[in-house]
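The sequence shown begins at 207 in the numbering used here and counts up one residue at a time. Quick reminder that beta carbons are idealized off the backbone N, C-alpha and C, glycines included. Since the structure is predicted, the reported quantities are computational estimates derived from the model, not experimental observations. Okay, structure first, notes after.
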Amino acid sequence: MDQKLGDMLDAMIDSWLTSHGDIPRTQALEILDEKTNEDLADELIEDYGLDERYSDDDYQSHMEKYKYTKDDLIEAFARVRAWHNENFRSDSDE
């Protein structure tokens, strides 16, 4: 995966995870603690309709248009999880 795609997926995940900044990071950490990266990827795909075509068959889904897969989202969740742990979890939380 190239850096640009990785950055886009990470930003999309962080925005979704924090409900566009409306959910505090502590709550985002709780969500990350409760679910696997695969479960979170499934929820993101469903919530945002990333694999859906909204028009005729010639219209690409977001995943097709930007050429990423569920596995790419799982990898991105792992990066976002590590970033949250590094930046928002205190030593006493671990």
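Any contact of the stretch 270-287 with the stretch 215-231, i.e. 3+ C-beta pairs under 8 Å? Touching, yes.
Under the rule that 16 or more other beta-carbon atoms within 10 Å means buried, what is Y274, buried or exposed? buried
With a CB to CB cut of under 7 Å and the five nearest residues on each side skipped, what residues in its chain are close to Y260? Hits under 7 Å: none found.
So, at 8 Å on beta carbons, what are the nonlocal neighbours of Y254 in its own chain, with the 5 sequence-adjacent residues on each side left out? M218, W222, H268
Would DSSP call D208 helix, strand or coil? coil
Inspect the beta-carbon positions of I251 and D245 and report whether they are closer than 7 Å. A distance of 7 Å or more separates the beta carbons of I251 and D245.
Determine, using beta carbons only, whether M207 and D277 come nearer to each other than 7 Å. no
Relative to the alpha-carbon of N368, which residue among K271, F294, I280 has its alpha-carbon at the smallest distance? Residue 368 is absent from the structure shown; the chain starts at 207 and stops at 300.
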